[in-house]
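J.:
Numbering (the numbering used here), first residue to last: 25 to 207.
And the structure:
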């Protein structure tokens, strides 16, 4: 069950279904992850007693994972979305405000530390333009881009089962801030 949060995060962060190439396994944590947490802890002594957060990358391929990590570093990507149903299916708790994660690029190299600042559950059809802009990391037609990318991915997760996508499906909307590195 230790891998369950990693699998859920990977699944939730994905936007479209593409074949995955080689990426490090959870047990192969890149040394840069430890170094980034150590640097952050040195700068924030109040976190010395905290366990190192999980590290993971957005999406399911190198191009998108690396692009999204850069958007996080640049402060443009400040949200992530997943289906509420997935949490129930996995028997997992919803994300919690205050949870930190170390975002990596696809090869596992640490890029940033984020902290969840808000979690909402909203029907797909009610996602706002402002939220879509935070999730997509763009101001250019963020809502149509968000809906197209997320609908395609969500639909792909139902391909082998009896369920189908519905615009009434609940989406878990995580808003986060990048807390390291500080720009």
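Even for Gly, the Cβ is constructed at its ideal location relative to N, Cα and C.
Just so it is clear, the structure is predicted and the values come from calculations on it, not from any experiment.
So what does DSSP say about residue 66, is it helix, strand or coil?
T.: The answer is helix: DSSP assigns residue 66 an H, G or I state.
J.: Taking DSSP as the reference, what is the three-state secondary structure of residue 144?
T.: In this structure, residue 144 counts as strand in the three-state DSSP scheme.
J.: By the three-class DSSP mapping on this structure, what secondary structure does residue 56 have?
T.: Reduced to three states, the DSSP call for residue 56 is helix.
J.: Classify residue 186: buried if its beta carbon has 16 or more other beta carbons within 10 angstroms, exposed otherwise.
T.: Exposed: under 16 other Cβ atoms inside 10 Å.
J.: Please work out which residues of its chain come closer than 8 Å, Cβ to Cβ, to residue 201, disregarding the five sequence neighbours upstream and downstream, and give them in chain order.
T.: Same-chain partners within the cutoff: 102, 138, 139, 141.
J.: Please confirm if the segment 126 to 136 is in contact with the segment 180 to 199, defined as three or more CB-CB distances below 8 Å between the two stretches.
T.: Result no; under three Cβ-Cβ pairs closer than 8 Å.
J.: Within its chain, find whatever has a CB closer than 6 Å to the CB of residue 96; leave out the 5 residues flanking it on each side and keep chain order.
T.: 127, 136, 202.
J.: In whole angstroms, what separates the C-alpha of residue 168 from that of residue 75?
T.: When rounded, the distance between both Cα atoms is 39 Å.
J.: Run the CB neighbour count on residue 207, radius 10 Å, all protein chains shown included, and call it buried at 16 or more, exposed below.
T.: Classification of residue 207: exposed, given that the 10 Å Cβ count is below 16.
J.: Excluding the 5 residues flanking residue 118 on each side, which residues of the same chain have their C-beta closer than 7 Å to its C-beta?
T.: So the list reads 111, 143, 196, once near-sequence residues are dropped.
J.: Can you list, in chain order, the residues of its chain whose CB lies under 8 Å from that of residue 156, leaving out five sequence neighbours each side?
T.: Contacts found: 166, 167, 169, 170, 171.
J.: Can you list, in chain order, the residues of its chain whose CB lies under 8 Å from that of residue 100, leaving out five sequence neighbours each side?
T.: If we look at residue 100 and ignore the five residues flanking it on each side, its Cβ neighbours are 161, 162.
J.: Between the C-alpha atoms of residue 77 and residue 176, what's the straight-line distance to the nearest angstrom?
T.: Using only the alpha carbons, I get a separation of about 30 Å.
J.: Please name the residue, chosen from 67, 92, 194, 114, that lies closest to residue 204 on a Cα-to-Cα basis.
T.: The shortest C-alpha separation from residue 204 is found at 67.
J.: Identify whether residue 116 lies in helix, strand or coil by the three-state DSSP scheme.
T.: Residue 116 falls in the coil class under three-state DSSP.
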